[in-house]
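J.: One structure follows; several queries about it will come next.
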Amino acid sequence: MKQAAKNIKARVKEVKKLKSDVFLLRFTSSYISSNSYPGQFLHLKIKPVLLRRPLSIHRVQGKDVFILFRVRGKGTEALSRLKPGAALDIIGPLGKGFYVPRPASNVQHILIAGGLGVAPLVFLAKKLTETKDPKPKNQNLILLGAKTKKEVLCEKEFKDLGCKVYVATEDGSRGHKSTVVALLKGILRHTTCDLRYTIYACGPKEMFYEIHKIIKKYPGINCQVSFEQFMGCGLGVCHGCVIETKKGYKKVCKDGPVFNLRDIF
Amino acid sequence: MELKVKIGKLKLRNPIICASGTFGSSDELKGLADYASIGAVTAKTITLNPCPGNCPPRIYETGCGVINSVGLEGKGLENFIAEDLPRLSKVKTEFILSIGGFSINEYKTMVKRLSQEKAVEAIELNLSCPNIKRKKIISQSRKDTYETIKILRGLTKKTLIAKITPEVTDIKEIAVAACAAGADAISTVNTFFGLAVNIQTGAPYLGNCYGGYSGRAIKPMALYRVWKVSRAVKIPVIGGGGIETADDALEFIIAGATAISLGTVNFIDPAASVKILRGIKNYLKKKKINNINQLRGSLDA
Numbered sequence: 182m183k184q185a186a187k188n189i190k191a192r193v194k195e196v197k198k199l200k201s202d203v204f205l206l207r208f209t210s211s212y213i214s215s216n217s218y219p220g221q222f223l224h225l226k227i228k229p230v231l232l233r234r235p236l237s238i239h240r241v242q243g244k245d246v247f248i249l250f251r252v253r254g255k256g257t258e259a260l261s262r263l264k265p266g267a268a269l270d271i272i273g274p275l276g277k278g279f280y281v282p283r284p285a286s287n288v289q290h291i292l293i294a295g296g297l298g299v300a301p302l303v304f305l306a307k308k309l310t311e312t313k314d315p316k317p318k319n320q321n322l323i324l325l326g327a328k329t330k331k332e333v334l335c336e337k338e339f340k341d342l343g344c345k346v347y348v349a350t351e352d353g354s355r356g357h358k359s360t361v362v363a364l365l366k367g368i369l370r371h372t373t374c375d376l377r378y379t380i381y382a383c384g385p386k387e388m389f390y391e392i393h394k395i396i397k398k399y400p401g402i403n404c405q406v407s408f409e410q411f412m413g414c415g416l417g418v419c420h421g422c423v424i425e426t427k428k429g430y431k432k433v434c435k436d437g438p439v440f441n442l443r444d445i446f
Numbered sequence: 002m003e004l005k006v007k008i009g010k011l012k013l014r015n016p017i018i019c020a021s022g023t024f025g026s027s028d029e030l031k032g033l034a035d036y037a038s039i040g041a042v043t044a045k046t047i048t049l050n051p052c053p054g055n056c057p058p059r060i061y062e063t064g065c066g067v068i069n070s071v072g073l074e075g076k077g078l079e080n081f082i083a084e085d086l087p088r089l090s091k092v093k094t095e096f097i098l099s100i101g102g103f104s105i106n107e108y109k110t111m112v113k114r115l116s117q118e119k120a121v122e123a124i125e126l127n128l129s130c131p132n133i134k135r136k137k138i139i140s141q142s143r144k145d146t147y148e149t150i151k152i153l154r155g156l157t158k159k160t161l162i163a164k165i166t167p168e169v170t171d172i173k174e175i176a177v178a179a180c181a182a183g184a185d186a187i188s189t190v191n192t193f194f195g196l197a198v199n200i201q202t203g204a205p206y207l208g209n210c211y212g213g214y215s216g217r218a219i220k221p222m223a224l225y226r227v228w229k230v231s232r233a234v235k236i237p238v239i240g241g242g243g244i245e246t247a248d249d250a251l252e253f254i255i256a257g258a259t260a261i262s263l264g265t266v267n268f269i270d271p272a273a274s275v276k277i278l279r280g281i282k283n284y285l286k287k288k289k290i291n292n293i294n295q296l297r298g299s300l301d302a
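So the protein lines, in turn, are chains C and V. Here the first sequence is numbered in this note's numbering, starting from 182 and rising by one per residue. Here the second sequence is numbered in this note's numbering, starting from 2 and rising by one per residue.
This is the structure in structure tokens:
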């Protein structure tokens, strides 16, 4: 089960540029690779910023850990410039990630990524594939949303895992000229009663709200979403990263980052 | 080498204290922190009743400091005593309880209640939270500071530490009033008021508009105030504000602090005390000082 977070010193193996502002960082840590599960995050100390930065675990492969990130400020900018061999100071794995249910033949998983929200979902898709019913009737569905073709991420990774991938772009330059929320609506409309859906989502808060509006009509659907918030300690002691839920303020770092969507709206 | 210091009746194995709000309410940091290298930990400020805290976002980083507007979120005194105190009592160092009231009566109730708890040796009166809506922060008024402490002093024999705000015209006056009212020690600084504006939206970054500013940016300001206060009062001063390294800590001790307080650095490195303690020891050895108390207030000015 879940192991305690540790302060890990590691070295950068590679920082790969995937898009103009999206990077993939790879490092080796047997502790993190063997003790983390999808949806958890790592808290990285990055010069020149003061506080650590929370970044979700993108994927684990053997002893290697991957972090997918977009350059958004000074911290991620510095992270994108790290060279192989550079020292990393990491606290992790942290937070409550996605709950992965026992395999069942009548369950279909739908993973919804808005933009860079795809980051923790590759790890999740891998876990769901591993824990799948040996005779799968239903492929895991991936809904990838992006502004344009250029911003579509990880399509190949999901396909390699045997998932069925639907892409929606705002300008229609790739896949459907639509949104992932509209795609979800379409899928659920054609639902059959012998199938139970489980939704996992990561992306902007507005997307969660739209998903919430849809699943209100389907009370049987379980929906887990991963939230973001400015963070202080990442360890649950500063109460800095709360979000509002139906049960009051909850800490994204400790009670989340993954929450049941029905507890939020 | 002697590192022990005394704050009222509380004996600390070394002068490192972890500040309230940065180290949890019980033993949350077990596994990451090294309690054996800490003189005392201060639990997150406890309120009498459960308190929801302020509207998020509550944290904003400036690059050299952090503005927070947590707003004393907590489970309330009785829940703290039932759930957190037993575990806090077991950590391998001394602890201080910080309390914050929304009225003098709340302070009185809490002090009376905590006086009955044997495990509790020291109470820090948070008279300086920048994030609660009240007319005035208690420690912004000499009179309010004096009267509050005087009343609470009459209710308990436990060590009382007054945590006061740097946001005053003359912090010395407030410290003198706290001392005259019977406080056993002064702790300062709490955070400075701070604001960050999102120029794209025209709105503040923090949900509660403004907050308390801490971190390396405030160190010189905090150091100046600790120096001023420690020259004005005879009781021990717990000094802090932006301390990250042993050198920072030593500056505060030379300026007059009996103990030093680690705050924001705990967010970045929960085991910061290990490095700081080692650095202090190395310094004393090099300078051939065998008692840390000899260094206190030795500023050559």
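Note that CB positions come from ideal geometry on N, CA and C, so glycine has one too.
#1: Is there at least one Cβ from chain V nearer than 9 angstroms to G421(C)'s Cβ?
#2: Under a three-way DSSP split, which group does M182(C) fall into?
#3: Just to confirm the assignment: which complete alpha helix (DSSP H) runs, minimum length 4, are found wholly within the stretch 267–299 of chain C?
#4: Decide yes or no for the touch test of the stretch 407–416 of chain C against the stretch 262–274 of chain V: beta carbon pairs closer than 8 angstroms, at least 3 of them.
#5: Per DSSP, what kind of secondary structure is L73(V) in: helix, strand or coil?
#6: Check this for me: beta carbons of A120(V) and L11(V), under 9 angstroms apart or not?
#7: Pick out whichever of A247(V), I82(V), K286(V) has its Cα sitting closest to the Cα of A273(V).
#8: Looking at C-alpha atoms only, which residue of L292(C), N287(C), E391(C), L269(C) is the closest neighbour of K228(C)?
#9: Mark M2(V) as exposed unless 16 or more other C-beta atoms lie within 10 angstroms of its C-beta, in which case mark it buried.
#10: Work out the CA separation of I60(V) and F411(C) for me, nearest whole Å.
#11: Using a Cβ cut-off of 8 angstroms, pull out every chain V residue sitting near R233(C), in sequence order please.
#12: Any beta-carbon of chain V closer than 9 angstroms to the one on P229(C)?
#13: Tell me whether K289(V) is buried or exposed, calling it buried when 16 or more other Cβ atoms sit within 10 Å of its Cβ.
#14: Which class does A204(V) belong to by DSSP, given the choice of helix, strand or coil?
#15: What first and last residue would you give for the beta strand (DSSP E) that runs through Y147(V)?
#16: On the three-pair Cβ rule with 8 angstroms, is the stretch 196–210 of chain V touching the stretch 162–178 of chain V?
#17: Can you tell me where the beta strand (DSSP E) with E222(C) in it begins and where it stops?
#18: Check the DSSP bridge columns for A349(C) and list the partner residues they point to.
#19: Just to confirm the assignment, what range does the beta strand (DSSP E) spanning E391(C) have?
#20: Using the rule of at least 16 other Cβ atoms within 10 Å of the residue's Cβ for burial, across every protein chain shown, is M182(C) buried or exposed?
#21: Would you say I219(V) and G66(V) are within 9 angstroms of each other, going by their C-beta atoms?
#22: Suppose you measure from the CA of V230(C) to the CA of D352(C); what does that come to, to the nearest Å?
#23: Counting C-beta neighbours from all protein chains within 10 Å, is the total for L30(V) 16 or more, i.e. buried, or is it exposed?
#24: For the beta strand (DSSP E) that contains Y381(C), what are its first and last residues?
#25: Give every residue of the same chain whose Cβ lies closer than 6 angstroms to the Cβ of A300(C), excluding the five residues on either side of it in the sequence, and list them in chain order.
#26: Establish whether the CB of F103(V) and some CB of chain C are separated by less than 9 angstroms.
#27: Does the ligand GTP have a heavy atom nearer than 8 angstroms to the CB of V177(V)?
#28: Taking Cβ-Cβ distances shorter than 9 angstroms, what residues in chain V pair up with E425(C)?
#29: In the DSSP assignment, the beta strand (DSSP E) including Q242(C) goes from what residue to what residue?
#30: Can you check which of these residues, V196(C), V433(C), C422(C), is closest to V406(C) by C-alpha distance?
#31: If contact means a Cβ-Cβ distance below 7 angstroms, which residues of the stretch 107–132 of chain V contact chain C?
#32: Are the stretch 280–287 of chain C and the stretch 253–264 of chain C in contact at 8 angstroms, needing three or more beta carbon pairs?
#33: Which term fits N291(V), buried or exposed, when burial requires 16 or more other beta carbons within 10 angstroms of its beta carbon?
#34: Below 7 angstroms between beta carbons is the criterion; list the residues of the stretch 396–420 of chain C that meet it against any residue of chain D, in chain order.
#35: When you compare only the Cα positions, how much space is there between S27(V) and L376(C)?
T.: Working from what's here:
#1: For G421(C), the answer is yes, since a Cβ of chain V falls inside 9 angstroms of its Cβ.
#2: Below a pLDDT of 50, predicted positions are generally treated as unreliable, and M182(C), at 45, falls in that range; the measurement from the model is reported next regardless. Note: M182(C) maps to coil in three-state DSSP.
#3: As far as the stretch 267–299 of chain C is concerned, it has no whole alpha helix (DSSP H) run of at least 4 residues.
#4: The stretch 407–416 of chain C is in contact with the stretch 262–274 of chain V.
#5: DSSP places L73(V) in coil when its eight states are reduced to three.
#6: Not in contact: A120(V) and L11(V) (Cβ atoms no closer than 9 angstroms).
#7: Scanning A247(V), I82(V), K286(V) for the CA closest to the CA of A273(V) turns up A247(V).
#8: Measuring from the Cα of K228(C), the nearest candidate turns out to be L269(C).
#9: Exposed, since its Cβ has fewer than 16 Cβ neighbours within 10 Å.
#10: Distance between F411(C) and I60(V), taken at the CA atoms: about 6 angstroms.
#11: Per Cβ cutoff of 8 angstroms: F268, I269.
#12: Closer than 9 angstroms: yes.
#13: The residue is exposed, with fewer than 16 neighbouring Cβ atoms inside 10 Å.
#14: Strand.
#15: Segment 143–154 is the alpha helix (DSSP H) holding Y147(V); no beta strand (DSSP E) there.
#16: Too few Cβ pairs lie closer than 8 angstroms, so no.
#17: Rather than Glu, the amino acid found at residue 222(C) in this sequence is Phe. That run of the beta strand (DSSP E) goes 222–226.
#18: According to DSSP, A349(C) shares a beta bridge with G326(C), H357(C).
#19: It is not in any beta strand (DSSP E) - E391(C) instead sits in the alpha helix (DSSP H) that spans 386–396.
#20: Its pLDDT being 45, under 50, M182(C) is placed unreliably in this model, and the value from its coordinates should be taken loosely. Classification of M182(C): exposed, given that the 10 Å Cβ count is below 16.
#21: Taking 9 angstroms as the Cβ cut-off, I219(V) and G66(V) qualify as a contacting pair.
#22: Between the C-alpha atoms of V230(C) and D352(C) there is a straight-line separation of about 36 angstroms.
#23: Result: buried.
#24: Y381(C) -> beta strand (DSSP E) spans 377–383.
#25: A distance below 6 angstroms between beta-carbons, with the five flanking residues on each side excluded, links A300(C) to the following residues of its chain, in chain order: S237, H239, L249.
#26: It does not: the Cβ of F103(V) has no partner Cβ on chain C nearer than 9 angstroms.
#27: The ligand GTP is absent from the structure shown, which contains no ligands of any kind.
#28: Near E425(C) (Cβ distances below 9 angstroms), the residues of chain V are C56, P57.
#29: Per DSSP, Q242(C) belongs to the beta strand (DSSP E) from 240–242.
#30: Looking at the Cα atoms, V433(C) is the closest of the given residues.
#31: When C-beta distances to chain C are compared with 7 angstroms, every residue of the stretch 107–132 of chain V stays at or above that value.
#32: Short answer: they don't touch.
#33: So N291(V) counts as exposed.
#34: Absent here is chain D; the protein component of the structure consists of chains C and V.
#35: One Cα belongs to S27(V), the other to L376(C), and the distance between them is close to 45 angstroms.
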